[in-house]
Amino acid sequence: MLSVLRRKAAAAAVGGSDAMLLGGRLRKSCAAAAAGLRGYATAAKEMTVREALNSALDEEMSADPKVFLMGEEVGEYQGAYKVSKGFLPKFGPERVVDTPITEAGFTGIGVGAAYYGLKPVVEFMTFNFAMQAIDHIINSAAKTNYMSAGNISVPIVFRGPNGAAAGVGAQHSQCYAAWYGSCPGLKVLAPYSSEDARGLLKAAIRDPDPVVFLENELMYGERFPVSAEALDSSFCLPIGKAKIEREGKDVTITAFSKMVGLSLEAAEILAKEGITAEVINLLSIRPLDRPTINASVRKTNRLVTVEEGFPQHGVGAEICMSIIEDSFGYLDAPIERITGADVPMPYAANLERMALPQIEDIVRAAKRVCHRSVPMAATA
Amino acid sequence: MSAASLSSAINAIRSSSFAHDRSALASNASHPSSSAFLGSTARLRFNPISSSAGRPRSSAAVAAVAASNVVKEKQPKSSVSGSNLLITKEEGLELYEDMVLGRAFEDMCAQMYYRGKMFGFVHLYNGQEAVSTGFIKLLKQEDSVVSTYRDHVHALSKGVPARQVMSELFGKETGCCRGQGGSMHMFSKEHNLIGGFAFIGEGIPIATGAAFTSKYKREVLKEEGCDHVTVAFFGDGTCNNGQFFECLNMAQLWKLPIIFVVENNLWAIGMSHLRATSDPQIWKKGPAFGMPGVHVDGMDVLKVREVAKEAVGRARRGEGPTLVECETYRFRGHSLADPDELREPAEKAKYAARDPIAALKKYIIESKLASEAELKAIDKKIDEVVEDAVEFADASPQPPRSQLLENVFADPKGFGIGPDGRYRCEDPNFTAGTAKV
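Taken in sequence, the protein lines are chains A and B.
Residue numbering for the first sequence is 3 to 382, as defined by our numbering.
Residue numbering for the second sequence is 22 to 458, as defined by our numbering.
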């Protein structure tokens, strides 16, 4: 973890000047505060992802009394990851509901409440535990508007950390973006920065359909600059639109959640070698923003998809196919996908590092796609 | 535990051993009832918590006492002479009509299935009508009913028109879900029926959520007089499922206005309840979570109705959930595809003799509430209703092609309509977020 921070701080220091040169919608991932360096933020305020989620939930619950939070440890413990800090005294136990350890039961209760017009936010301690409730997420929530021919909508949000943390082992580390992303009737969102987290969570709570909101445990403490606009209580990001984090013309890199940070750093390294990478933060896994990705690939002609999850049937596979369907003629090289290793997550730190995408993997893939010769094998 | 001991009324406290032999069947008559109706109210009582089990849970004990007091009051009034006050004539005819509608409808479903008009999985409710009628006819329109895949009769009792249910089964556009749900997924927002869950146990947390909403609306949203209750119907097989226990816990923990109704028909497809369950007495699982558990003869609509009144009353007053085990039986197989080979003919015959419709008919006539002619008129009327439903469904069109992709989302474009009345995503500034700074 520390090495990641150090790398980020170094990148921030080096990339600072580039930040001034590149205009447009640029975001710098800034763990710099932790290392005592200042990022080149154009906004006045910085916020961690955790604070962003907390403030978004706070504002939505204050604005609409039908919104309530339910999950394990959300009340007295102030959230397993402190996302709901301060909520219990403010909203009371009827609106911040500490549940017993019964995912299937309380998820179903949330869905039933949503059928009848309330707006539950169901928190899972991690999405791994949501597997005990996945029947309700898919069968009771996602499919109901369709099965009832539009009579019964389900304005529910399922949120929680997704993907690998640090050394938590196989049963706590799976990424569920691909599983939920394949299911019609769900909207699946994966924020990266604090602004993303704020905007998307507000949009999710206001949305009348079931939304799976995939956070990341390691991102909770990351600090990002937040614009004044994002601090407004009516700020929402659109669902189904990806964001171009960094513009470039040689290769497109798509990523979501934590991988966006790695991709941005990879882009920095590639820039020094003369390859400008366009980094797309997907934000919305379902619906996938195919137009944005295709437009980018038509510009750069090369694509590398990055994700943390298992390779087979993953998000990268879907993006690859969408490019082949829409923009095959524009490709100058086969699409590469960087994914987690095709194994359950090992525990040992060095093995875990090997099982997850690292910045070097993204850099190598981008170079391969640009037909620069690079060694194929990763070093341990 | 043999079905025989369940089939006599509710002396479950006596049946601590499960090995009653079938001769107990004959001894049914050993408890003379005060009315000719099969199984009298004399035997209707909530099971008190056995005092040998340590400190009794006070809420359950109180409820148990209350119910038995209710029944004791009624008991002396119901005499053979016909001045029974269990139901009035109107109520009696209403109950009769509802049960006959359920039966006639299901029989017609079977005919239509074998003629190919209906397809897929169809689960019929024949024989269990007393449970549906007994509970649902006490509810208001705002109360919710959550059911399983065996939901046609729950839909009819709750008020969904027979035409809409039949059309839905035929997969036509005029069905209650426009043909998109089918037999197992009957939904009606207007009648607050969340009929259809294919997975057993899936409806129980949903029903608990509906009850949660009712309580939330009353306490947090401060809606006046919101005392809606929820009735969750499910079977004996479901009572071994984890979600059932999770919801018993949470419903009692938060005192939710819900009634858990177990339609124990002793069979889960081909798995006998006795082979699947360590303790087959399902009503006992209520007190384990602190709520009253009641066992009632589910082939007797009047008994079910008495228990239902008490349970619904408890829920409306905010006293919390009740678990009601209705011993009932399905005359047909699990579904129309089930050859039903594992159930013994003797068992089926025994329960067929306790047909709830025949029993209610006998009661109504013997208590001189209505004449045979009136009941026959109801039979005829229901036949016409069902015929009309079939004709309507036959004549209805299939859903148009455009319906395939509709209704996946309530708002496909993302969090709704902006203040100018157009979809937010059509606003050119949409991609920058919606902040008004």
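Just so it is clear, CB atoms sit at the ideal spot from N, CA and C, and this is done for glycine as well.
- Listed by position along chain B, the residues whose Cβ is nearer than 7 angstroms to that of E309 (chain A) form an empty set, because the closest Cβ is around 23 angstroms away.
- Below 8 angstroms, too few C-beta pairs join the segment 147 to 160 of chain A and the segment 264 to 278 of chain B to call them touching: fewer than three.
- If you compare the alpha carbons of B:I221, B:M207, B:G222 with that of I215 (chain B), the shortest gap goes to B:M207.
- By the neighbour-count definition (other C-beta atoms within 10 Å, threshold 16), N352 (chain A) is an exposed residue.
- In the three-state scheme derived from DSSP, where H, G and I count as helix and E and B as strand, T254 (chain A) is classed as strand.
- Non-local C-beta neighbours of G223 (chain A) in its own chain, meaning closer than 7 angstroms and more than five positions away in sequence, comprise T50, R52, ordered along the chain.
- For the segment 258 to 277 of chain B, the beta-carbon criterion of a distance under 8 angstroms to any beta-carbon of chain A is satisfied by G263, Q264, E267, C268, N270, M271, L274.
- Interface criterion not met: the Cβ of E53 (chain A) is under 8 angstroms from no Cβ in chain B.
- When the Cα atoms are used, A319 (chain A) and V167 (chain B) turn out to be separated by approximately 40 angstroms.
- Counted as a single uninterrupted DSSP element, the stretch harbouring N218 (chain A) is not any alpha helix (DSSP H), since DSSP gives it neither H nor E.
- For T256 (chain A), there are no neighbours in chain B by C-beta distance under 7 angstroms, as the nearest C-beta there is about 17 angstroms away.
- Secondary structure remark: continuous alpha helix (DSSP H) runs of at least 4 residues inside the segment 300 to 364 of chain B, in chain order: 306 to 309, 322 to 338.
- Residue B:V121 holds the alpha-carbon nearest to the alpha-carbon of K397 (chain B) among B:K110, B:F191, B:A151, B:V121.
- Within 8 angstroms of the CB of Q201 (chain B), the CB atoms of chain A belong to Y148, M149, S150, A151, in sequence order along the chain.
- Straight across, the Cα-Cα distance linking L177 (chain B) with V98 (chain A) is about 38 angstroms.
- The three-state secondary structure of K210 (chain B), taken from DSSP, is coil.
- With the rule of 3 Cβ pairs closer than 8 angstroms, the segment 92 to 110 of chain A does not count as touching the segment 174 to 183 of chain A.
- Using a C-beta cut-off of 8 angstroms, the segment 243 to 254 of chain B makes no contact with the segment 72 to 92 of chain A, since fewer than three inter-stretch Cβ pairs fall below that distance.
- DSSP places L71 (chain A) outside any alpha helix (DSSP H); the residue lies instead in the beta strand (DSSP E), whose first and last residues are 69 to 73.
- Residue-level contact check: I111 (chain A) touches chain B, since one or more beta carbons of chain B fall below 8 angstroms from its beta carbon.
- When only Cα atoms are considered, G250 (chain A) and A116 (chain A) end up about 43 angstroms apart.
- Comparing C-alpha distances from K68 (chain A) to each of B:V317, B:F142, B:K236, B:A151 shows the shortest one belongs to B:K236.
- Closest option to A357 (chain A), judged by alpha-carbon separation, among A:V123, A:I139, A:A172, A:M127: A:A172.
- Judged by beta-carbon spacing, I280 (chain B) lies within the 8 angstroms limit of V252 (chain B), meaning their Cβ atoms are closer than that value.
- V174 (chain B) sits buried, since 16 or more C-beta atoms from the chains shown fall within 10 Å of its C-beta.
- Ranked by Cα distance from Q424 (chain B), the first of B:D300, B:G200, B:T109 is B:G200.
- The beta carbon of L242 (chain B) sits closer than 8 angstroms to some beta carbon of chain A.
- F237 (chain A) carries a coil assignment under DSSP once its states are collapsed to helix, strand and coil.
- In the three-state scheme derived from DSSP, where H, G and I count as helix and E and B as strand, T278 (chain A) is classed as coil.
- Partner residues in the beta bridge of G162 (chain A), as assigned by DSSP, are A:L216.
- About 6 angstroms separates the beta carbon of F142 (chain B) from that of M205 (chain B), a gap short enough to meet the 8 angstroms contact definition.
- Judged by their CB atoms, F430 (chain B) and D211 (chain A) are nearer to each other than the 8 angstroms cut-off.
- Along the length of the segment 241 to 306 of chain B, whole alpha helix (DSSP H) runs at least 4 residues long occupy 263 to 274, 294 to 297, reported in chain order.
- Inter-residue distance for R171 (chain B) and E197 (chain A) is about 48 angstroms (C-alpha atoms, whole angstroms).
- Chain-ordered, the chain A residues with CB closer than 8 angstroms to the CB of C198 (chain B) read M149, S150, A151, N153.
- Of B:N213, B:G148, B:T169, the smallest CA-CA separation from G180 (chain B) is found for B:N213.
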